[in-house]
Amino acid sequence: MDLIYATTNKHKLAGAKQALAETNINLITLDKTLPDVPEIQSDDQEAVSIDKALKYYDLLKRPLVVMDSGLFIDELNGFPGVYTKYALDTIGI
183 MDLIYATTNK
193 HKLAGAKQAL
203 AETNINLITL
213 DKTLPDVPEI
223 QSDDQEAVSI
233 DKALKYYDLL
243 KRPLVVMDSG
253 LFIDELNGFP
263 GVYTKYALDT
273 IGI
């Protein structure tokens, strides 16, 4: 079964492919010619994932999976949370 993994992150894709290696699921990456869907800004990872999945499904009309992740540091009250990529990009890491 082919399944679109809605990411352009090669590290996320590699990890997912490894996790599914013993299955009959063949992950396909997004076509780089597709427009990027705007990501909502929310502290809720589930809301971000659902929104992204619905937008890509509207565009592709095919089964797909998305994943949103974050780094939640208790001592920083959960910061940077779902804004990890933005925080790391901002400080140049």
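Residue 183 is where the sequence shown starts when you use the numbering used here, and the numbers rise one by one after that. Don't be surprised by glycine CBs; every beta carbon is placed ideally from N, CA and C. Source: prediction; values computed, not measured.
Under the three-state reduction of DSSP, TYR187 is assigned to strand. By a beta-carbon distance limit of 8 Å, VAL248 contacts ALA188. Their separation comes to about 4 Å.
Residue pairing for PHE254: DSSP places it in a beta bridge opposite PRO262.
Under the three-state reduction of DSSP, ILE207 is assigned to coil, being neither helix nor strand. Distance between LYS234 and GLU221, taken at the CA atoms: about 7 Å.
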